[in-house]
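Student: My questions all concern the structure below.
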């Protein structure tokens with residue numbers, strides 16, 4: 034996993050589609066979903082860490 038698109042594809046596997054029209058808002062919602070999936074043990078620690086880093090990097094790039 035290397036891009037925000039990859040994180041979206043990960044979420045798509047769990048039927049989660051996020052698009053609000055606000056890029057920062059989308060990233061925050063994706064981050065919350067990734068945290069929830071990890072807490073429920075639906076995704077691995079590796080996927081969780083990579084997704085969080087990708088989202089954090091993209092958010093900092095936009096602000």
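Residue numbers (our numbering): 34 to 96. Built from N, CA and C at the ideal position, the CB exists for glycine as well. None of the values given here were measured: they were computed from a predicted structure.
Give me the residue from 55, 90, 46, 69 with the minimum Cα distance to residue 81.
Tutor: Closest option to residue 81, Cα to Cα, is 69.
Student: Which same chain residues, not among the five before or five after residue 67, have their C-beta less than 6 Å away from its C-beta?
Tutor: 84, listed in sequence order.
Student: Locate the alpha helix (DSSP H) running through residue 85, then write down its first and last residues.
Tutor: It spans 78-95 - the alpha helix (DSSP H) in which residue 85 sits, taken as one unbroken run.
Student: Quick check on residue 73: does DSSP put it in helix, strand or coil?
Tutor: Of the three classes helix, strand and coil, the one that applies to residue 73 here is coil, per DSSP.
Student: So, at 6 Å on beta carbons, what are the nonlocal neighbours of residue 64 in its own chain, with the 5 sequence-adjacent residues on each side left out?
Tutor: 88.
Student: Do residue 37 and residue 91 come within 7 Å of each other at the CB atom, strictly closer than that value?
Tutor: It is a contact, given that the beta carbons lie within the stated cut-off.
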